[in-house]
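Colleague: At position 50 of the sequence shown (counting the first as 1) the number is 37 in my numbering, and the numbers step up by one without a gap.
There's a structure below that I have some questions on.
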Amino acid sequence: DFELHKYPGLLDFCQQLYDERYRSPYLIACMIDTYEEMLEQNCGEQREVLEKAVSLCRSLAEEYDTIRSEYWNFLSRILSSKYGSENAVQTSS
């Protein structure tokens, strides 16, 4: 466990790169890992964090890392079942 969510500015920096249209699978995976840790530690608004993580998993599966789409879909299902209802996440996106 690296506890990525405890590094000040890391997620903000990743989000800034993402907002500037960087779409590296490694960048997005780092963001997902950070969101997953936040969910595990009950940091931030859980529903919002879950929605972001699931959305990023979906973008990797469908566009940026299609070779591992099964993994990203699996991770999305696991996060949704563990931290919220998948239907609630899908309808709010």
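Just so it is clear, CB atoms sit at the ideal spot from N, CA and C, and this is done for glycine as well.
The structure displayed is predicted, hence computed values, not measured ones.
Just to confirm, are tyrosine 70 and leucine 43 a CB contact at a threshold of 7 Å?
Modeller: When the beta-carbon positions are compared, tyrosine 70 and leucine 43 stay at least 7 Å from each other.
Colleague: Check glutamine 77 in the structure and name its three-state DSSP category.
Modeller: Reliability of the predicted coordinates at glutamine 77 is poor, the pLDDT of 46 falling under 50, and no value is obtained from them.
Colleague: Only counting the same chain, and skipping five residues up and downstream in sequence, which positions put a Cβ closer than 7 Å to that of leucine 4?
Modeller: Leu14
Colleague: Could you tell me which of Ala16, Gln28, Cys30 and Arg8 sits nearest to serine 63, measuring between CA atoms?
Modeller: Of the candidates Ala16, Gln28, Cys30 and Arg8, Ala16 places its Cα closest to the Cα of serine 63.
Colleague: If you follow the alpha helix (DSSP H) that asparagine 60 is in, where does it begin and where does it stop?
Modeller: 56 to 70
Colleague: I need the DSSP call for glutamate 7, collapsed to helix, strand or coil.
Modeller: coil
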